[in-house]
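Novice: Take the sequence shown: its position 11, counted from the start at 1, is 600 in this note's numbering, and no numbers get skipped. Every residue, glycine too, gets a C-beta built ideally from N, C-alpha and C. Starting off with a structure, shown below.
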Amino acid sequence: MDPYPKPLRDLIFQLKRLPGVGEKTATRLALFILADREDFAGELAGALTAVRDAIRLCSVCYNLADMPKCSICQDPSRDHSTICVVEEPSDVLALESAHAYKGLYHVLHGLISPMNGVGPQDIR
Numbered sequence: 590m591d592p593y594p595k596p597l598r599d600l601i602f603q604l605k606r607l608p609g610v611g612e613k614t615a616t617r618l619a620l621f622i623l624a625d626r627e628d629f630a631g632e633l634a635g636a637l638t639a640v641r642d643a644i645r646l647c648s649v650c651y652n653l654a655d656m657p658k659c660s661i662c663q664d665p666s667r668d669h670s671t672i673c674v675v676e677e678p679s680d681v682l683a684l685e686s687a688h689a690y691k692g693l694y695h696v697l698h699g700l701i702s703p704m705n706g707v708g709p710q711d712i713r
């Protein structure tokens, strides 16, 4: 028998789906959210809803954006003659945090893998 009510178990289950979050961490997070008196749960729910509704893919490079073009593609100071092809949006973040690359990106959202039946038509 589970000691937690179903809504709390459901929250723990959803938190465990996050990368790197196991049972103990999910339980700790769920109990924190439940115990917080500053309406953290409401603010978190609002932020999750806002990000789901506002974030889309850039129409040029397929990076994450909140407008048709991402801030990198809109930046006139970027080197538009250089494109770095990356696997995921997290790769853009990693490169941008180094402050060394000044070109544009193309985000594939996957890798070509003929052994796994993933061809160029299956990625961006």
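#1: Return the residue from the list 667, 679, 648, 673 that minimises the CA-CA distance to residue 658.
#2: Taking the alpha helix (DSSP H) that residue 597 falls in, what are its first and last residues?
#3: Could you tell me which whole alpha helix (DSSP H) segments of length 4 or greater appear in the stretch 618-684?
#4: Between the stretch 636-644 and the stretch 614-621, do at least 3 Cβ pairs fall closer than 8 Å?
#5: Do the stretch 653-673 and the stretch 685-696 touch if we need at least three Cβ pairs shorter than 8 Å?
#6: Name the DSSP beta bridge partners of residue 692, please?
#7: Buried or exposed: where does residue 709 fall if 16 or more other Cβ atoms within 10 Å of its Cβ makes it buried?
Specialist: Result, derived from the coordinates:
#1: Position 69 of the sequence shown, counted from the start, is the residue given in the question as residue 658. Comparing Cα positions, the closest option is 648.
#2: As a working note, residue 597 is residue 8 in the sequence shown. 595-605 is the extent of the alpha helix (DSSP H) around residue 597.
#3: 629-643, 660-663
#4: no
#5: yes
#6: Reading the sequence shown from its first residue, position 103 is the one you call residue 692. In DSSP, residue 692 forms a bridge with 668.
#7: Along the sequence shown, read from residue 1 onward, the residue named residue 709 stands at position 120. Residue 709 should be labelled exposed.
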